[in-house]
Structure formats: C-alpha cells, structure tokens
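Everything in the sequence shown is counted per UniProt numbering, starting at 1 for the first residue and increasing by one.
In what follows, a structure is listed as structure tokens, so that the remarks can point back to it.
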Amino acid sequence: MTTPDPIAPELSVPPDLILTSAQRALLHEVASRNDRDHGADFLGMVLSGSVARGMATERSDLDVYVVHAQETGRSTTRSPAVDEIPTTLADLEDVSPFASEGWWYRWSFAYAVTLLDRTGGRIEPVVARLAAVDADEQRQILLDHDRLDGWVNYAYRSLKSDRDGRRREARLDAVESIPWLLDVVFTLEGRVRPYHKYLPWELREHPLPHWPGEDLLRLLDATMDGDPAALRETYARVRERCLAHDAASGSTVLQDQVDDWGVELEIFG
Numbered sequence: 001m002t003t004p005d006p007i008a009p010e011l012s013v014p015p016d017l018i019l020t021s022a023q024r025a026l027l028h029e030v031a032s033r034n035d036r037d038h039g040a041d042f043l044g045m046v047l048s049g050s051v052a053r054g055m056a057t058e059r060s061d062l063d064v065y066v067v068h069a070q071e072t073g074r075s076t077t078r079s080p081a082v083d084e085i086p087t088t089l090a091d092l093e094d095v096s097p098f099a100s101e102g103w104w105y106r107w108s109f110a111y112a113v114t115l116l117d118r119t120g121g122r123i124e125p126v127v128a129r130l131a132a133v134d135a136d137e138q139r140q141i142l143l144d145h146d147r148l149d150g151w152v153n154y155a156y157r158s159l160k161s162d163r164d165g166r167r168r169e170a171r172l173d174a175v176e177s178i179p180w181l182l183d184v185v186f187t188l189e190g191r192v193r194p195y196h197k198y199l200p201w202e203l204r205e206h207p208l209p210h211w212p213g214e215d216l217l218r219l220l221d222a223t224m225d226g227d228p229a230a231l232r233e234t235y236a237r238v239r240e241r242c243l244a245h246d247a248a249s250g251s252t253v254l255q256d257q258v259d260d261w262g263v264e265l266e267i268f269g
C-alpha cells in the first residue's frame, strides 16, 4: 500500500521512489497538460525507465507512458529530461506476442510504477501482465519459436568448434547463444527477458526462483569467453529446469525437444 504524494492532481507516488524536485515538476506538468488537453480521455500515467527502478544517474530522463481512452494523433516526444509515450488502454491490453514488434517494449513495463489510474484499477494489472509470460506463451517461445532448440544448437556448435581447435568460431557461437539462453531462462520462470542494461539489477533485486543470479552472471561471462565448461554446466542447469517444467505441466515436451538431438548430446557430457 503506497502513500499518495500529491505532486499533481490524482498522482500517487510510492514513498521509496526517488525523484528530484525538477522531476516532480515535470510529472506535474505532463499530468496537468494531458488533463487539460484530453479531459476524461486521459486515463493514466505509468513511469518506466531507470528512475522507476532506482537506477537513475544524473543523466537519466523520465520515461512516462501516458494512457488515453483513444488515439490522440500524438507521437512519442523525447527530450533530455522526459520521454512522453502516448498509448491507449486498448493497446496495453492487446498483449504483443513474442517476436512481434511490440514484444520488445514489454519489458519496459517490468517494475514500472503506475502513477495515475482513472480506469477503476485496470492499468496496474495490465502493466504486470505485459512483463509476465503465461503458460501458452512459454510453449510458443520455447518450442514454436525454437528458443530452446536454438540455444542447444549454438551451444553444440560452439563445443564442436572447441573440440576441433577452432577457438574463434567457438567463441562466436558461444556469444551468439546468449540471447537464446536468456529467453529460455526467463521464459521458464514466467518472465520477459530484461534489457541487458537491467539484467544484473533484476537478478539482484528480483532473483529468479530457480537460478541464483551470481551463478547465471558467472556462466554468461565465461560463455562470452567461449569456455566449454560453462556451456556444459549451463546445459545441465537448463535441462534440469526443463524437466522440472515438464513435471509441473504433466508433459515431456521440453525433454523431448532436447532429446531429439540423440547421440549429439554426448558432447555436453
């Protein structure tokens, strides 16, 4: 439960959100201007970016989603102090699937702060939904979009190149495997993969239930060096999580996907 901080009409700011006086004034100006220009069609404001997550520096701006009932004809405006991003409630509630243009923006709502909601409580739940991956999406990402098989493929190719003495090629495939791996890891936890800038922060502040953050960062660092031991340890951990996911869902779909590699999996041993 947050204590309202009336920096602008109806705006509520969590007490632990750090804002400068200039930032408070900017939020007041954005809210007041949209209230004046759009009236009842102005439904809410959501603060994203480094400021919302407590990672702001002296160069950080405010990233503000302004929610309207219908299209306003306005586009995103950017300045060194504030990025104002207009959207509609319908657009927020229309959750963009993996690999679509809108997918890239979904993590921007992770740990965002709802400053204003005139919808009777519809904004905050949809913000949380945008940063989550449900069971149907998990299957689509891991299997239909081949993120699990793709990661195994790049790790396998890296290990083959290392075995054959092609170190540069091994490093290249190891590095290429990392985005696929992060999609797998976070999807299995029901979360959208964070932007790289925020990865260590999220692992520290919002730990993955089944994968200690320091272990993951250590393996990522070693993978970027093309370390075959890191790829093998990562494979064992991924397989363990896939088996656990299958057991929880009463299926063997992820295990079957990996086991389709047959004897080629011996290289991970």
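Just so you know, even glycine gets a beta-carbon here, dropped at the ideal spot from N, CA and C.
- With a contact defined as Cβ atoms closer than 8 Å, LEU208 and HIS245 miss out at about 13 Å.
- A residue is called buried once 16 or more other Cβ atoms fall within 10 Å of its Cβ, and TYR195, having fewer, is exposed.
- Buried is the label assigned to ASP183, since at least 16 other Cβ atoms lie within 10 Å of its Cβ.
- Around the beta carbon of SER158, 16 or more other beta carbons lie within 10 angstroms, which makes this residue buried.
- Here the alpha carbons of ASP149 and ARG139 stand approximately 12 Å from one another.
- Counting other Cβ atoms within 10 Å of its Cβ, THR234 reaches 16 or more and is therefore classed as buried.
- With a cutoff of 9 Å on beta-carbon distance, VAL238 and TRP151 are scored as near each other.
- Segment contact: the segment 54-71 against the segment 96-104, fewer than three CB-CB distances shorter than 8 Å; contact not assigned.
- In terms of Cβ geometry, SER48 and ALA56 do not form a close pair [threshold 9 Å].
- By the neighbour-count criterion, in which a residue is buried when 16 or more other Cβ atoms sit within 10 angstroms of its Cβ, TRP104 is exposed.
- Taking a contact to require three or more Cβ pairs closer than 8 Å, the segment 112-132 and the segment 211-226 do not qualify as touching.
- In the structure shown, the three-state DSSP call for THR88 is strand.
- TRP211 carries a strand assignment under DSSP once its states are collapsed to helix, strand and coil.
- With at least 16 other beta carbons inside 10 angstroms of its own, GLY44 counts as buried.
- Remark: C-beta atoms of LEU116 and LEU11 approach each other more closely than 9 Å.
- Boundaries of the beta strand (DSSP E) around PHE42: 42-48.
- Nearest in C-alpha terms to SER60, of all of ALA81, TRP261, ALA40, is ALA81.
- Rounded to the nearest angstrom, the Cβ distance from ALA112 to LEU89 is 15 Å, too far for a contact under 8 Å.
- Counting the other Cβ atoms within 10 Å of the Cβ of ASP225 gives fewer than 16, which makes it exposed.
- Setting aside the 5 residues that flank it on each side, ALA222 is surrounded in the same chain by ALA229, ALA230, each with a C-beta closer than 8 Å to its C-beta; the list follows chain order.
- Non-local beta-carbon contacts of GLY102 in its own chain, meaning distances under 6 Å to residues more than five positions away in sequence, involve SER96 in chain order.
- Between the beta-carbon of PRO200 and that of LEU217 there is about 6 Å, and that keeps the pair under the 8 Å contact cut.
- Nearest neighbour of PHE109 by Cα position, chosen from GLY165, ALA170, ARG193, TYR154, turns out to be ARG193.
- Close CB contacts of ARG163 within its chain, under the 6 Å cut and outside five residues either way in sequence, are absent.
- Here VAL263 is exposed: its Cβ has fewer than 16 other Cβ atoms, across all protein chains shown, within 10 Å.
- Counting only the Cα atoms, TRP261 lies some 50 Å from GLU58.
- Comparing alpha-carbon positions, the option among GLY39, ASP134, ASP146 lying closest to SER249 turns out to be ASP134.
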